[in-house]
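Read the structure below first, then the notes.
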Amino acid sequence: MHVVIETERLLLRKFNAKDSPLIYDLNLDPEVIRYTLDPIKDIEQARQVLEQVILPQYKLYHHGRWAVHLKPELEFIGWCGLKYIPQRDEVDLGYRLKKDFWGKGYATEAAQACIKYGFEKLNIYRIIGRADPENLASVRVLKKCGMNFLAEEEIEERLIMTYEIINLFGC
Ligand SMILES: CC(C)(COP(=O)(O)OP(=O)(O)OC[C@H]1O[C@@H](n2cnc3c(N)ncnc32)[C@H](O)[C@@H]1OP(=O)(O)O)[C@@H](O)C(=O)NCCC(=O)NCCS
1 MHVVIETERL
11 LLRKFNAKDS
21 PLIYDLNLDP
31 EVIRYTLDPI
41 KDIEQARQVL
51 EQVILPQYKL
61 YHHGRWAVHL
71 KPELEFIGWC
81 GLKYIPQRDE
91 VDLGYRLKKD
101 FWGKGYATEA
111 AQACIKYGFE
121 KLNIYRIIGR
131 ADPENLASVR
141 VLKKCGMNFL
151 AEEEIEERLI
161 MTYEIINLFG
171 C
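My numbering puts the first residue of the sequence shown at 1, with every later residue one more than the last.
Shown next as structure tokens:
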């Protein structure tokens, strides 16, 4: 297991090419993709997401969406991490957990660790987070990570709230 970040309760590791079933199963739950609207129709599509979206980020930017495992059994509970968006020249914080693990502070714990890693290890200056205004849990996680509200934007015909956090001690 290629562990990148360890927190009190979690391990965050790089996904690898064998992880398509994990991505597929996570996105199967309609409640998990309620606000992200990105169903994955089969394992083949999950493989494409892994190989074309998730894995290249690690090589190009030294960060990405990382698999989140719960200690001590190391059960896979979802993903969290950073993603560079070239069209906007922005680093985005994202997270997605299996429903059984919601409401226990895991997303916040993972997200805070990802921001710290981005700032301290990668010297990233600014990280943004976006959420549907109705996705109250996600908005709350952004706030608990110390992110500040920046703007309400229309993206692909949907209203989205953008939050940001600046690395005041780096760069
Ligand atoms: C968003 C998500 C990752 C949050 O995970 P989580 O582990 O439950 O988050 P945490 O427990 O760290 O924090 C959630 C916070 O939101 C709050 N919350 C949850 N549901 C809420 C609701 N309906 N209204 C208001 N607050 C809510 C919780 O009370 C908690 O805040 P608190 O610690 O102040 O009590 C999880 O819901 C998820 O995977 N959703 C599906 C994927 C998704 O939408 N990702 C974000 C895309 S922008």
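Glycine included, C-beta positions come from ideal geometry on N, C-alpha and C. Fair warning: this is a prediction, and the values are worked out from it, not measured in the lab.
Between the region 108-122 and the region 57-72, do at least 3 Cβ pairs fall closer than 8 Å?
yes
To which residues does DSSP link K83 through a beta bridge?
D92
Using a Cβ-Cβ cutoff of less than 7 Å, which residues in the same chain neighbour D19 once the five nearest sequence positions on both sides are dropped?
L50, A67
Local Cβ density within 10 Å of I85, reported as buried at 16 or more and exposed below that
exposed
Quick check on the burial criterion: 16 or more other C-beta atoms within 10 angstroms. Buried or exposed for L12?
buried
Please confirm if the region 71-85 is in contact with the region 37-50, defined as three or more CB-CB distances below 8 Å between the two stretches.
no
Taking the Cβ atom as the reference point for each residue, do R150 and E134 lie within a distance shorter than 8 Å?
Arg is not the amino acid found at residue 150; the sequence shown has Leu there. It is not a contact, given that the beta carbons lie outside the stated cut-off.
Say yes only if the C-beta of K71 is nearer than 7 Å to one or more non-hydrogen atoms of ligand 1, and no if none qualify.
no
As assigned by DSSP and simplified to three states, the class of E31
coil
Helix, strand or coil: how does DSSP classify G118 here?
helix
In three-state terms, what does DSSP make of R126?
strand
Suppose you measure from the CA of I160 to the CA of E154; what does that come to, to the nearest Å?
6 Å
Just confirm the distance between the C-beta atoms of V141 and G118, as a whole number of angstroms; I'd bet it's less than 8 Å.
At roughly 16 Å, the Cβ-Cβ gap does not stay under 8 Å, so V141 and G118 are not in contact.
Going by C-alpha to C-alpha distance, which of L22, R126, P30 sits closest to I115?
R126
Compute the minimum distance between the beta carbon of F101 and the heavy atoms of ligand 1, and state whether it is under 7 Å.
yes
In chain order, what residues of the same chain lie with their CB nearer than 7 Å to the CB of L26, ignoring the 5 residues before and after it?
V32, G78, R96, K98
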